[in-house]
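In what follows, a structure is listed as structure tokens, so that the remarks can point back to it.
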Amino acid sequence: MRTGSEPVTARSALRLRFWLSTWGLVWAVAGTVAFVLAGRPGWAAACAALWLLVTVDMVMIVRHIRQGPHYQPGRDVPPYEPVDERSAPPPNPPPRPPTQRHSKPSHP
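In the numbering used here, each residue's number is its place in the sequence shown (first place is 1) plus 48.
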């Protein structure tokens, strides 16, 4: 069920993102080392850039995890505020027919 507040109440599986970033970090470091040893500076630079990107992502993930339940709520916090039918806004009224703004002079 959509409530319309999804962007405000959206959540991310931060621990899953952390472990996926760890996996990416391992491969980026291994790729950088392997391509440096193989004498492929272009591929080594690409892996080093990926290494930097993954490291920045991991820093942001750890920061969000440490900010606590506001950003990483536990199982006891619902994913969104339940819709209260009493406080729900009324449905939109039907559209009005278009009105003519300028009247054209009639010529006989």
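Ideal Cβ placement from N, Cα and C applies to all residues, glycine included.
A distance below 7 Å between beta-carbons, with the five flanking residues on each side excluded, links residue 62 to the following residues of its chain, in chain order: 109, 112, 113 and 120.
According to the DSSP assignment, residue 69 belongs to the alpha helix (DSSP H) that extends over 62 to 85. Taking a cut-off of 8 Å for Cβ pairs, the region 139 to 147 and the region 75 to 91 do not touch, as fewer than three such pairs fall below it. For residue 70, the CB contacts under 8 Å within the same chain, skipping 5 residues up- and downstream, are 106 in chain order. 81 is the residue among 86, 85, 81 and 87 whose C-alpha sits nearest the C-alpha of residue 96. Taken through DSSP and simplified to helix, strand or coil, residue 89 comes out as helix. Taken through DSSP and simplified to helix, strand or coil, residue 144 comes out as coil.
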